[in-house]
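Peer 1:
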Amino acid sequence: MSPMTTTIILSSLATGTIITMSSHHWMMAWIGLEMNTLAIIPVISKQHHPRATEAATKYFLTQAAASALILFSSSVNAWKTGTWDITQMTDPIANTLLTSALAMKLGLVPMHFWLPEIIQGSTMKTALIISTWQKLAPMTLLCLSMNNLSMTILLTMGTMSALFAGWAGMNQTQTRKIMAYSSIAHIGWMVTITTTMTNITTMALVMYLFMTTSMFSALISLKSKTMQDMTTSWTTSPTLMTMTMLTLLSLGGLPPLSGFMPKWLILEELITQNTIPMATILVMSTLLSLFFYLRLTYTTTLTTSPNTPQTKYKWRFKLSSYTLLLSSTTPLTMMILPLTPLVMN
Numbered sequence: 529m530s531p532m533t534t535t536i537i538l539s540s541l542a543t544g545t546i547i548t549m550s551s552h553h554w555m556m557a558w559i560g561l562e563m564n565t566l567a568i569i570p571v572i573s574k575q576h577h578p579r580a581t582e583a584a585t586k587y588f589l590t591q592a593a594a595s596a597l598i599l600f601s602s603s604v605n606a607w608k609t610g611t612w613d614i615t616q617m618t619d620p621i622a623n624t625l626l627t628s629a630l631a632m633k634l635g636l637v638p639m640h641f642w643l644p645e646i647i648q649g650s651t652m653k654t655a656l657i658i659s660t661w662q663k664l665a666p667m668t669l670l671c672l673s674m675n676n677l678s679m680t681i682l683l684t685m686g687t688m689s690a691l692f693a694g695w696a697g698m699n700q701t702q703t704r705k706i707m708a709y710s711s712i713a714h715i716g717w718m719v720t721i722t723t724t725m726t727n728i729t730t731m732a733l734v735m736y737l738f739m740t741t742s743m744f745s746a747l748i749s750l751k752s753k754t755m756q757d758m759t760t761s762w763t764t765s766p767t768l769m770t771m772t773m774l775t776l777l778s779l780g781g782l783p784p785l786s787g788f789m790p791k792w793l794i795l796e797e798l799i800t801q802n803t804i805p806m807a808t809i810l811v812m813s814t815l816l817s818l819f820f821y822l823r824l825t826y827t828t829t830l831t832t833s834p835n836t837p838q839t840k841y842k843w844r845f846k847l848s849s850y851t852l853l854l855s856s857t858t859p860l861t862m863m864i865l866p867l868t869p870l871v872m873n
């Protein structure tokens with residue numbers, strides 16, 4: 529792509545999300561989502577590879593269906609109540625349709641099947657955008673309309689997402705698919721607490737953005753697409769691999785790393801609300817997720833590959849860019865836990 533085309537597409541991508549996040553009228557929110565979807569399609573398909581084209585087609589069909597459902601649900605609500613205000617979704621049928629549409633946008637179980645396939649068919653940079661920036665607009669709509677949505681459906685979807693992502697991620701060897709299932713699990717955690725405290729949801733989303741950006745930046749720098757690539761990455765940069773190990777453990781939610789903070793606060797609130805069975809299921813699902821993070825950690829850092837001439841040769845290559853993004857997000861991924869009281873106030 530030419531610099532002009534890239535600038536226009538990325539500007540449209542940012543503008544679409546900002547329009548959705550700043551609107552109170554359903555029509556404006558829908559327009560922002562459509563701008564956002566149409567801008568990301570060329571970014572996904574620019575590789576001119578059959579997998580990239582397939583991923584772009586799947587993304588378009590999924591997001592178009594979700595946007596149509598959002599427009600339909602808001603139209604039904606406007607027909608019944610006479611208002612297009614996002615915070616006034618009082619019709620039960622419209623609420624159910626909206627919950628399904630936002631679940632499809634976010635990739636919640638059982639509407640998650642598109643996310644791993646699309647991330648696997650995209651480049652690492654595109655996968656980073658889909659996993660982080662593309663979650664902002666639907667999460668904003670979810671928080672704005674949360675008071676009227678069905679709590680039972682949201683809690684069920686959130687718990688199923690965390691549980692299923694843990695099971696499905698255990699069998700993966702591709703780093704992008706592992707990050708896709710990690711994304712599904714984290715969004716599941718956020719959705720379970722959205723029904724009770726949106727400030728914890730916002731904090732969990734910010735932490736998720738930091739951790740995912742840090743992990744993807746490391747994968748881009750190391751050019752690692754599979755677990756096999758990760759096993760020989762130690763010779764490229766031992767420091768970066770140590771940081772990657774800590775980022776993976778933070779994604780798993782181990783103290784004293786930053787990733788423990790959202791899980792801790794969410795579980796505390798769920799127990800306060802007397803939803804102990806659901807809190808138990810979420811903790812068990814975290815163990816499943818932690819298994820594939822630890823497996824990746826073990827192959828990357830705790831075991832070093834044989835030092836053959838081929839692996840030592842990687843020293844001669846210059847690390848790719850993304851060092852600024854990596855150096856700014858990695859400390860936040862690891863050291864925010866002591867600031868928990870400050871964050872919550």
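Every position in the sequence shown, counted from 1, becomes a number in this note's numbering once 528 is added. All residues carry an ideal CB built from backbone N, CA and C; glycine is no exception.
Could you spell out the range, first to last residue, of the alpha helix (DSSP H) harbouring V571?
Peer 2: Start and end: W554 to S573.
Peer 1: Below 8 Å on the Cβ atoms is my guess for T764 versus L750; work out the distance and round it to an integer in Å.
Peer 2: Correct: roughly 6 Å between the Cβ atoms.
Peer 1: In angstroms, rounded to a whole number, what distance separates the CA positions of I794 and N727?
Peer 2: If you take the alpha carbons of I794 and N727, they lie about 11 Å apart.
Peer 1: Given that a residue counts as buried once 16 or more other Cβ atoms are within 10 Å of its Cβ, and exposed if not, what is A596?
Peer 2: The residue is exposed, with fewer than 16 neighbouring Cβ atoms inside 10 Å.
Peer 1: Along the chain, where does the alpha helix (DSSP H) containing G694 start, and where does it finish?
Peer 2: Taken as a continuous stretch (DSSP letters only), the alpha helix (DSSP H) holding G694 covers M679 to G697.
Peer 1: Using a 10 Å radius around the Cβ and a threshold of 16 neighbouring Cβ atoms, would you call G544 buried or exposed?
Peer 2: Buried: at least 16 other Cβ atoms inside 10 Å.
Peer 1: Looking at the structure shown, is D757 part of a helix, part of a strand, or coil, going by DSSP?
Peer 2: DSSP places D757 in helix when its eight states are reduced to three.
Peer 1: Candidates A594, T775 and L830: which alpha carbon is nearest L626's?
Peer 2: The residue with the shortest Cα to Cα distance from L626 is A594.
Peer 1: Going straight from the alpha carbon of V604 to that of S786, what length do you get?
Peer 2: When rounded, the distance between both Cα atoms is 42 Å.
Peer 1: Check the C-beta distance from M718 over to T729 and give it rounded, since I have them as a contact under 8 Å.
Peer 2: Right, their Cβ atoms sit about 5 Å apart.
Peer 1: Using alpha carbons as the reference points, say which of I568, M698 and L670 lies closest to G686.
Peer 2: Nearest of I568, M698 and L670 to G686, Cα basis: L670.
Peer 1: Please go through the same chain and pick out, in chain order, the residues whose beta-carbon is closer than 6 Å to the beta-carbon of L860, but skip the five residues on each side of it.
Peer 2: Only F738 meet the Cβ criterion.
Peer 1: Is the beta carbon of I647 closer than 8 Å to that of I658?
Peer 2: Yes.
Peer 1: Exposed or buried, which one is G610 when buried takes at least 16 other CB atoms within 10 Å?
Peer 2: Exposed, since its Cβ has fewer than 16 Cβ neighbours within 10 Å.
Peer 1: Would you call K877 buried or exposed, if buried means 16 or more other Cβ atoms sit within 10 Å of its Cβ?
Peer 2: In the structure as shown, the chain starts at 529 and stops at 873, and residue 877 therefore has no counterpart that could be examined.
Peer 1: When the Cα of G697 is compared with those of M735, M755, M617 and S745, which residue comes out closest?
Peer 2: Residue M755 is the option with its Cα nearest to G697.
Peer 1: Return the chain-ordered list of same chain residues with a C-beta closer than 6 Å to the C-beta of S689, the five sequence neighbours on each side being excluded.
Peer 2: Within the same chain, S689 has close Cβ partners L636, V637, I712 and G716.
Peer 1: Would you say I547 and T654 are within 8 Å of each other, going by their C-beta atoms?
Peer 2: The answer is no: Cβ separation not under 8 Å.
Peer 1: Using only the alpha-carbon positions, how far apart do T857 and M707 sit?
Peer 2: If I take the Cα positions, the gap works out to 17 Å.
Peer 1: What are the complete alpha helix (DSSP H) segments, minimum 4 residues, inside the stretch 635–666?
Peer 2: Runs found: 642–649 and 652–659.
Peer 1: For L691, collect the residues of the same chain with a Cβ closer than 7 Å to its Cβ; drop the 5 residues on either side in sequence, then sort them by chain order.
Peer 2: Closer than 7 Å at Cβ, skipping near neighbours: I809 and S813.
Peer 1: In whole angstroms, give me the CA-to-CA distance for L818 and T660.
Peer 2: So the alpha carbons of these two residues sit roughly 21 Å apart.
Peer 1: Quick one: using the 10 Å Cβ neighbour count with 16 as the cut-off for buried, is S539 buried or exposed?
Peer 2: Its Cβ having fewer than 16 others within 10 Å, S539 is exposed.
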